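Trainee: Structure incoming, see below.
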Amino acid sequence: GEWVFDMIASDGTVFPNHHLYNEIRPEERIGYTLHWGENGPKHADAWASFEDQDGATKVTLGMVFSTAAEFQEAKGFGAVELGLQTLGKLERFVASR
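Going by my numbering, the sequence shown runs without a break in its numbering and finishes at 422.
If you want it as structure tokens, here you go:
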């Protein structure tokens, strides 16, 4: 499958995204490729893995970039912090259920 969406920074900058899902292992892993906008250039390969830990679920997000420069660019715009923000939102959503 795929997901086409825009991320919008606090300053209003729009970042078009296109995720193409290429691996679905229920209750274990989702793999996908990130592109800059619909049909845009590839940005990275990514995954979310899920692991049972005593009745709770450990979620791990990962990304692999084509070059070291792309990795540094992602770190520079706060990819780590944004990933943690995403997990925090997921945690609040699950807790509200």
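Note that the Cβ used here is the ideal one computed from N, Cα and C, for glycine as well. This one's a predicted model, so the numbers in the text were calculated from it and none came from an experiment.
If you draw a straight line from the C-alpha of HIS368 to the C-alpha of ALA420, how long is it?
Mentor: Position 43 of the sequence shown holds residue 368. Position 95 of the sequence shown holds residue 420. Spanning the two alpha carbons is a distance of roughly 32 Å.
Trainee: For a minimum of 3 consecutive residues, which ranges assigned as the beta strand (DSSP E) are wholly contained in the region 350-399?
Mentor: 354-361, 367-378 and 381-390
Trainee: Skipping 5 residues on each side, what residues in its chain have a beta carbon closer than 6 Å to that of PRO341?
Mentor: In the sequence shown, counting from the first residue as 1, residue 341 sits at position 16. Excluding sequence neighbours, PRO341 sits near ASP331 and GLY362.
Trainee: Using only CA atoms, which one of HIS360, THR382, GLU348 and GLY387 lies nearest to LEU415?
Mentor: Position 90 of the sequence shown, counting from 1, holds the residue named residue 415. Selected option, being the one with the closest Cα: THR382.
Trainee: Taking the straight line between their C-alpha atoms, what separation do you get for LEU407 and ARG422?
Mentor: Reading the sequence shown from its first residue, position 82 is the one you call residue 407. Reading the sequence shown from its first residue, position 97 is the one you call residue 422. Whole-angstrom Cα-Cα distance: 23 Å.
Trainee: Between which two residues does the alpha helix (DSSP H) holding PHE402 run?
Mentor: Taking the sequence shown and counting its residues from 1, one reaches residue 402 at position 77. It is not in any alpha helix (DSSP H) - PHE402 carries neither H nor E in the DSSP assignment.
Trainee: To which residues does DSSP link PHE418 through a beta bridge?
Mentor: Sequence index remark: in the sequence shown, residue 418 carries index 93 (1-based). Answer is none; PHE418 lacks a bridge partner.
Trainee: Are the beta-carbon atoms of ALA404 and THR385 separated by less than 9 Å?
Mentor: Residue 404 sits at position 79 when you count from the first residue of the sequence shown. Residue 385 sits at position 60 when you count from the first residue of the sequence shown. Not closer than 9 Å, so no.
Trainee: In whole angstroms, what is the alpha-carbon distance linking THR392 and ASP370?
Mentor: In the sequence shown, counting from the first residue as 1, residue 392 sits at position 67. In the sequence shown, counting from the first residue as 1, residue 370 sits at position 45. Roughly 12 Å between the two C-alpha positions.
Trainee: As a quick exercise: from SER335, GLY326, GLU376 and ILE355, pick the residue whose alpha carbon is nearest that of LEU345.
Mentor: For this step, residue 345 is matched to residue 20 along the sequence shown. Of SER335, GLY326, GLU376 and ILE355, the smallest CA-CA separation from LEU345 is found for GLY326.
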